[in-house]
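First the structure, in the form of structure tokens, and then the observations on it.
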Amino acid sequence: MKKFFKSIRDKFNSGVCAVQTVIATKKAEGYVDSGVKILIAVVIGALLLGGLYALFNTTIMPTVTSKITELFSYNG
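If you're matching positions, the sequence shown starts at 0 in numbering that gives the first Met the number 0 and goes up one per residue.
Next up, the structure:
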């Protein structure tokens with residue numbers, strides 16, 4: 000039981016040490032770098048969504064609509 004508590008204490012102390020090291024580290028990205036990354040992600044996402052929207056409206060949805068009307072207008 001003593002070894003169990005010692006191992007828990009050691010793990011806790013190593014976790015605390017890791018957190019203190021991360022907090023004390025002064026390395027960080029600039030705000031401009033993060034802003035540019037976010038802006039690029041938003042622009043690429045908007046382009047992808049616009050392309051998918053155009054593809055669905057012009058190609059996929061008319062085909063699906065015609066297939067469904069053909070399916071329900073079966074005269075057999």
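Each residue gets a CB set at the ideal place from its N, CA and C atoms; glycine is no exception. Source: prediction; values computed, not measured.
Three-state class that DSSP yields for residue i in the structure shown
i: tyrosine 30; result: helix
i: threonine 24; result: coil
i: methionine 60; result: helix
i: tyrosine 73; result: coil
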